[in-house]
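Residue numbers (the working numbering): 33 to 467.
Only one structure is covered here, and it is reproduced in the block below.
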Amino acid sequence: MEKIIVRGGRQLNGTVKVEGAKNAVLPVIAASIIASEGKSVLHEVPSLADVYTINEVLRYMNAEVDFKDNTVTVDASKELTTEAPFEYVRKMRASVLVLGPLLARYGHAKVAMPGGCAIGSRPIDQHLKGFEAMGADVTVGNGYVEVRTEGRLKGAKVYFDVPSVGATENVMMAAALAEGKTVLENCAKEPEIVDLANFLNKMGAHIVGAGTETIRITGVEKLTGTTHTIIPDRVEAGTFMVAAAITKGNVLVKGALTEHLRSVVSKMEEMGVTIKEEAEGLRVIGPEELKATDIKTMPHPGFPTDMQSQMMALMLAAQGTSVITETVFENRFMHVEEFRRMNAKMKIEGRSVIMEGPSDLQGAEVAATDLRAGAALILAGLIADGYTRVTELKHLDRGYVDFADKLAKLGADIERINDNPKVEQTEAEKIEATS
Ligand SMILES: CC(=O)N[C@H]1[C@@H](OP(=O)(O)OP(=O)(O)OC[C@H]2O[C@@H](n3ccc(=O)[nH]c3=O)[C@H](O)[C@@H]2O)O[C@H](CO)[C@@H](O)[C@@H]1O
Ligand SMILES: C=C(OP(=O)(O)O)C(=O)O
């Protein structure tokens, strides 16, 4: 089994460079299939499991996709299949982001229903509401969602009941090729939505207002492949900022952008962390004693849910009572039980977690319950007494490139091992097969 083993007690120092953002690159790669001519060349693409998955989805649909040296090239000019089966969507919910591009280009798309995951039920009703408003028929059955329209989609006014990142992206992509004007209201305002709109505009779309609650799109007849550089990953950056702070270290997080991280910076400063803006990124210096604080997760520009579990690790190290309230997902506290295995003093009350700090953290065997939980348990392991062994790394690999190696380069006592190498598994399988 693969695991990361970390021994607490080392201070982190040095420089770490953040990758391109997972949550920006997935919609951008999905959007590249709207282009009926020309290639899209995407730079700063992180080597993540999710990127390999979306590339496989595109290849299944007959697009040509090449990925090397952090550059993805997509040629979607051939006729595409308009279906994405369960085997891909099961691995990664973001596969539903091909619905909008396919519907806009071909008037049809059929994708396996994503279902829930470890953090909540995660419906896609707002995506479908947007497509229906633009004239599409939506059918849900046999585990699939199918959307269809005769001729082009029609521009429409759509009010999202919740500011969903995925719905804003999917409907914005569909509207880029619709006939006439679309106005999207109560949109999500995440920086990744702005990145997607910039990419679409370079392809020839007319989109204004991305990053605000109202996005206006004037549909065009066709989009052409283009070149684009993905924005830095604010969640990976925030995770390394916590790593520096929790170990009382001094780390320059290269590529971290203040404008994408205001709520995280402000909460960490409240806890006593020094954060300085430098030309290449943010320098983070951990204090001798962290102060308790309270956090409520909210859609951007509020505090990001994707930083909730990492901040929980930091709060466990802080002096006093801290409270985290999760308002974005209904069930994103699976990591609390794992923290408790490390002797964390915390309890769940409704949608909040209350921590009495500082906890005297002890190394333990723990499992990543989702990708951010995996990172958070490793962060706690950096200051725990003894060895922490983190398993279920498939989650971590969805969102972090070489996480253990990057921490080791900053001075952490950490390694990733496979204590059940493939050869042994094969032998065991042979014995099982012959017994
Ligand atoms: C690939 C990607 O970019 N993933 C991010 C994206 O996920 P994702 O796009 O799935 O998240 P959403 O913004 O859509 O979800 C936010 C909330 O809206 C609800 N909802 C969403 C859609 C819908 O049709 N109906 C509905 O009720 C969800 O259940 C959730 O409670 O934004 C989340 C919120 O910042 C992040 O945690 C994820 O890392
Ligand atoms: C929840 C996350 O991602 P996804 O929406 O891809 O599951 C995340 O990045 O923390």
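Don't be surprised by glycine CBs; every beta carbon is placed ideally from N, CA and C.
Just so you know, these numbers come straight off a predicted model, no measurement behind them.
query, result
"Assign Arg315 to buried or exposed, taking buried as 16 or more other Cβ atoms, counted over all protein chains shown, within 10 Å of its Cβ.", "buried"
"Please find out if some non-hydrogen atom of ligand 1 comes closer than 6 Å to the beta-carbon of Asn282.", "no"
"For the alpha helix (DSSP H) that contains Asp157, what are its first and last residues?", "Asp157 to Ala165"
"Across which residues does DSSP place Ala144 in a beta bridge pair?", "Tyr176"
"CA-CA distance, Arg42 and Gly443?", "7 Å"
"Please state whether DSSP places Arg42 in a helix, a strand or coil.", "coil"
"Quick one, are the C-beta atoms of Glu69 and Ser127 less than 7 Å apart?", "no"
"When the distance is taken between beta carbons, is Ala345 closer than 7 Å to Ala412?", "yes"
"Are there any heavy atoms of ligand 1 lying less than 6 Å away from the beta-carbon of Leu425, as far as the coordinates show?", "no"
"Does the beta carbon of Val360 fall short of 6 Å from some heavy atom of ligand 1?", "yes"
"Can you find a heavy atom of ligand 2 that lies under 6 Å from the Cβ of Asp338?", "yes"
"Quick test of the definition: if touching needs 3 or more C-beta pairs under 8 Å, does the segment 437-451 touch the segment 45-52?", "yes"
"Short check: CB of Met374 to CB of Val385, under 7 Å?", "no"
"Roughly how many whole angstroms lie between the Cα atoms of Asp402 and Asp107?", "32 Å"
"Cα separation between Ala136 and Lys161?", "15 Å"
"Mark Asn202 as exposed unless 16 or more other C-beta atoms lie within 10 angstroms of its C-beta, in which case mark it buried.", "buried"
"For my contact list, Glu217 and Thr246 are in at a C-beta cut-off of 8 Å; report their separation, rounded to the angstrom.", "5 Å"
"Rounded to the nearest angstrom, what separates Val293 and Glu182 at their Cα positions?", "Going by the sequence as given, residue 293 is Leu instead of Val. If I take the Cα positions, the gap works out to 43 Å."
"Which residue wins for smallest C-alpha separation from Arg404, given the options Gln342, Glu369, Val194 and Lys299?", "Gln342"
"Provide the residue span of the beta strand (DSSP E) that contains Arg125, from first to last.", "Careful: Arg125 lies outside any beta strand (DSSP E) and carries neither H nor E."
"Can you find a heavy atom of ligand 1 that lies under 6 Å from the Cβ of Ser196?", "yes"
"Just how far apart, CA to CA, sit Gly148 and Lys186?", "30 Å"
"If Gly243 sits next to Lys221, beta carbons under 8 Å apart, how far is it from one beta carbon to the other, in whole angstroms?", "5 Å"
"From Ile239 to Gly132, what distance separates their C-alpha atoms?", "15 Å"
"Helix, strand or coil, according to DSSP, for Ser196 in the structure here?", "coil"
"May I ask you to verify whether the segment 287-307 touches the segment 249-269, counting CB pairs closer than 8 Å and requiring at least 3?", "yes"
"Below 8 Å on the Cβ atoms is my guess for Ala63 versus Leu232; work out the distance and round it to an integer in Å.", "6 Å"
"From Arg184 to Lys254, what does the alpha carbon distance come to, in whole angstroms?", "11 Å"
"Applying the 10 Å Cβ sphere with the 16-neighbour rule, what's the burial state of Val194?", "exposed"
"Among Thr214, Asn230, Ile317 and Glu302, whose alpha-carbon lies nearest the alpha-carbon of Met273?", "Ile317"
"What beta strand (DSSP E) runs, 3 residues minimum, are completely inside the segment 297-326?", "306-310 and 313-317"
"Figure out for me which residue from Gly236, Leu428 and Pro117 has the closest Cα to the Cα of Asp82.", "Leu428"
"What ranges does the alpha helix (DSSP H) occupy inside the segment 325-355, keeping only unbroken runs of at least 4 residues that lie completely in it?", "340-348"
"For the alpha helix (DSSP H) that Met273 lies in, which residues bound it at each end?", "Arg266 to Ile278"
"Opposite Glu96 in the DSSP bridges: which residues?", "Asp107"
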